[in-house]
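In full-length UniProt numbering, the protein residues as written are 1 to 165. See structure below.
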């Protein structure tokens, strides 16, 4: 095939299975690209909707990566002072809602944001997994050994990631 012929092979984007990536190098590259994409989306949401955004990621090696469009410490303090901070949905809650909606209507619309439904990849997530996001959000920073002082020191030193003890 010369360089002007069109290949029948699919190029560019393709659907991937949502499961842990086994190859360490591929995992690191994917993490870096998706983290950058997440930060970009967070920036856009903050700019377009004039809202305060904070993204905090802990890797499996306890490295912390963060993004905030305002002062991270004040955003975290605002979160901690909220009375309704435990009103998040766990994966199990989402699965139960989806099953209930399926039983009532016979269909599930993945784009139904008003009912709290999330994309269909959650159907593939094992709720019994040790990585399930069921952490009580009020203890998020306490369980990770992070204090407001650690976060403040980290950002005043210009860091993007660090290990917690």
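For every residue, glycine included, the Cβ atom is placed at its ideal position computed from N, Cα and C. Small disclaimer: the values here were computed from a predicted structure and weren't measured.
Residue of the options minimising C-alpha distance to residue i
| i | options | result |
| --- | --- | --- |
| residue 56 | 21, 75, 18, 44 | 75 |
| residue 32 | 73, 58, 101, 77 | 58 |
| residue 20 | 28, 89, 100 | 28 |
Helix, strand or coil at residue i [DSSP, three-state]
| i | result |
| --- | --- |
| residue 74 | helix |
| residue 51 | coil |
| residue 81 | helix |
Cα-Cα separation between residue i and residue j, rounded to whole angstroms
| i | j | result |
| --- | --- | --- |
| residue 67 | residue 53 | 8 Å |
| residue 16 | residue 30 | 12 Å |
| residue 83 | residue 72 | 19 Å |
| residue 70 | residue 14 | 35 Å |
| residue 38 | residue 99 | 29 Å |
| residue 91 | residue 101 | 15 Å |
| residue 94 | residue 41 | 23 Å |
Proximity test, residue i beta-carbon vs the ligand MN heavy atom, cut-off 7 Å
| i | result |
| --- | --- |
| residue 92 | This structure lacks the ligand MN, and indeed carries no ligand of any kind. |
Quick one: complete beta strand (DSSP E) runs, 3+ long, within the UniProt domain "MADS-box" (11–71)?
-> 54–58, 63–68
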